[in-house]
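Under the working numbering, residues 16 to 182 are what the sequence shown spells out, in order.
Think of the CB as a built atom: it goes at the ideal place given N, C-alpha and C, for glycine as much as any other residue.
Fair warning: this is a prediction, and the values are worked out from it, not measured in the lab.
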Amino acid sequence: MKKIIMAILSCVLVISMAITSFGAPSIQGAGAKTIGLFGALDKGHAMIAPLEAETTGLPEKVVASIKSINEGKSISEATGLKEFAEYKALGKTVAILTTDATGKILDVPTKLSIYVPNMVEGKDIKVIAYTNITGLWGPTQVLGLNYQKKSLDILINGSSTICVVYK
């Protein structure tokens with residue numbers, strides 16, 4: 016019985032470690048907040064890449080654009096997405112991997128739910144992503160927005176670096 020309880024606790028620890036959070040500034044500019052991943056809602060599993068692996072293997076130009084976003088610079092200049100000229104990053108970028116049950120990175124759209132504690136009602140909230148499969152920055156489909164729970168349901172494809180933005 017003791018071994019079963021230890022195995023269960025070990026599994027809980029491993030699962031909780033996969034749901035990591037990162038620092039993100041508040042849109043009011045007061046203190047650090049976190050962005051968290053609730054998890055994949057269908058078609059597989061999702062995990063946030065460790066900080067040191069977030070830009071591994073990406074082209075230098077993409078790494079520079081991620082760094083620029085994380086430094087609070089212009090979204091449209093960093094990504095080439097002119098329609099986001101008035102938007103600002105709500106937090107830092109986050110690399111998310113979506114996989115099937117065997118751990119293979121999925122190249123199909125996967126619905127995720129993310130927690131954004133510094134999301135404020137009345138702001139135009141969107142999500143942009145650099146999708147590794149396409150090699151392009153683009154808007155990510157926001158399927159649902161819940162200001163009370165401070166959560167967003169989004170659709171991403173495979174391995175992507177996302178950033179919640181607002182204006």
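Query raised in the report: According to DSSP, is A144 helix, strand or coil?
Result: Residue 144 sits at position 129 when you count from the first residue of the sequence shown. If DSSP states are grouped into helix, strand and coil, A144 belongs with the strands.
Requested in this report: Could you please give the first and the last residue of the uninterrupted alpha helix (DSSP H) stretch that includes S80?
Outcome: Locating residue 80 in the sequence shown gives position 65, counting from the first residue. First-last of the alpha helix (DSSP H) with S80: E75 to N85.
Report task. Return yes when the Cβ of K103 is within less than 8 Å of the Cβ of Y162, no when it is not. Result -> Counting from one through the sequence shown, the residue named residue 162 turns up at place 147. Counting from one through the sequence shown, the residue named residue 103 turns up at place 88. Taking the C-beta atoms as reference points, K103 is found no nearer than 8 Å to Y162.
Requested in this report: Determine the burial state of A6: buried for a count of at least 16 other Cβ atoms within 10 Å of its Cβ, exposed for fewer.
Outcome: The structure shown does not extend to residue 6, since the chain is modelled only from 16 to 182, so the question has no answer here.
Report task. Along the alpha helix (DSSP H) that carries A93, what are the first and last residues, could you check? Result -> One-based indexing of the sequence shown puts residue 93 at position 78. For A93, the enclosing alpha helix (DSSP H) starts and ends at I90 to T94.
Query raised in the report: According to DSSP, which residues form a beta bridge with P124?
Result: Within the sequence shown, numbered from 1, the residue matching residue 124 stands at position 109. Per DSSP, the beta bridge partners of P124 are N172.
Requested in this report: Kindly indicate which three-state DSSP category A64 falls into: helix, strand or coil?
Outcome: Counted from its first residue, the sequence shown places residue 64 at position 49. A64: coil per DSSP, three-state reduction.
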